[in-house]
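If you're matching positions, the sequence shown starts at 1 in UniProt numbering and goes up one per residue.
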Amino acid sequence: MTTYVLVHGAWHGGWAWERVTPLLTATGAHVVAPDLTHDRDVGLADHVAEVVAAVDAVADPDLVLVGHSYAGLVVRAAADRRPDRVAHLVLVDGWAGPDGSSLADLAPDWFTERVTAAAGPDGLVPPPPPASYGVTDPGDADWLGRRLRTHPLRTFTEPTRLTGAVDRVPGTGVHCLPEAFPFARFATDLGYRTVPLEAAHDVPLTDPRAVADVLLAVGSREAPTLG
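Structure, rendered in structure tokens:
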């Protein structure tokens, strides 16, 4: 039985995978979707530690670690600390880079300037509107808008710390089209196979079936061919 550890992106919570989870568990898979801490003093390393703890709590040796958007950085750093526990990494429109890189380093200047300017005196960045994630359906936008929460700026500026152990873990990069950021290139630069999806950035919400199909293919050791 494959266990999927699903890690949400910035401004989201474990609830971001609510539509994907039943599609995975219906096949007999086990799913863990940790809720990352969003307090003012939290940094990237804190989120990495939380995901490592989630991985350590799983007994199943056949573990697929998945990160959406910002969490691409988190899951790679977690896998770097537990390379023998993770069978496969999946980035879903995920930010990723070499040791020492932060999301602020990888993002265009306008993105970094915008989130920095939006941060309050408490160091928390309010969430952008649902449309920023490509969510345009009124019902989905309302559902998402009521759940989005502030996110600590420090997680965007703190550098990733990698020993190189993560390079032993095979990976897949799902990238949504049209691309707003170079997620396909991030994955390709790491040597990951890439899977394009015609979907919004918040694809676990807008097209959970497509995400589940990729994850199930990865879990069964099949090469995803969607897109």
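C-beta atoms are modelled at their ideal positions from N, C-alpha and C, and glycine is treated no differently.
| Asked | Found |
| --- | --- |
| Does the beta-carbon of S69 have 16 or more other beta-carbons within 10 angstroms, so that it is buried, or is it exposed? | buried |
| Taking Cβ positions only, does V55 come closer than 7 Å to chain B? | Absent from the structure: chain B. Only one protein chain is present. |
| Evaluate the contact criterion for the segment 196-208 versus the segment 100-119: three or more CB pairs, one atom per stretch, below 8 Å. | no |
| Quick one: Cα of H38 to Cα of A78, how far? | 18 Å |
| D122 and R40: beta carbons closer than 7 Å? | yes |
| If we ignore side chains and look at the alpha-carbon of each, how far apart do W95 and A71 end up? | 7 Å |
| Which value, in whole angstroms, describes the spacing of the CA atoms of A87 and V211? | 18 Å |
| Which value, in whole angstroms, describes the spacing of the CA atoms of G139 and P127? | 18 Å |
| Taking a contact to mean a Cβ-Cβ separation below 7 Å, would you say V174 touches V218 in this structure? | no |
| My assumption, with CB atoms under 8 Å, is that L23 sits in contact with R147. Please give the rounded CB distance. | Contact doesn't hold; Cβ gap of about 20 Å is too wide. |
| I'd like to know whether the C-beta atoms of V74 and A54 end up nearer to each other than 7 Å. | no |
| Helix, strand or coil for L162, going by three-state DSSP, please let me know. | coil |
| With a 10 Å radius around its C-beta and 16 neighbouring C-beta atoms as the bar for buried, classify D142 as buried or exposed. | exposed |
| For V51 and D80, what's the separation of their Cα atoms in angstroms? | 12 Å |
| Using 7 Å as the threshold, is the C-beta distance between L89 and V169 below it? | yes |
| Give me the DSSP bridge partner(s) of H68. | V92 |
| What does the alpha-carbon distance come out to for the pair V48 and T155? | 10 Å |
| Residues in its own chain within less than 7 Å of C176 by CB, not counting five upstream and five downstream? | D93, L197, A199, A200, H201 and V203 |
| Considering only C-alpha positions, which residue in the set S101, G97, T2 and P34 is nearest to Y192? | G97 |
| Ignore the nearest five residues each way along the sequence and tell me which others in L153's own chain have a CB closer than 6 Å to its CB. | A119, G123 and V125 |
| My understanding is that T206 touches G134, with C-beta atoms under 8 Å, so please give their C-beta distance in whole angstroms. | 7 Å |
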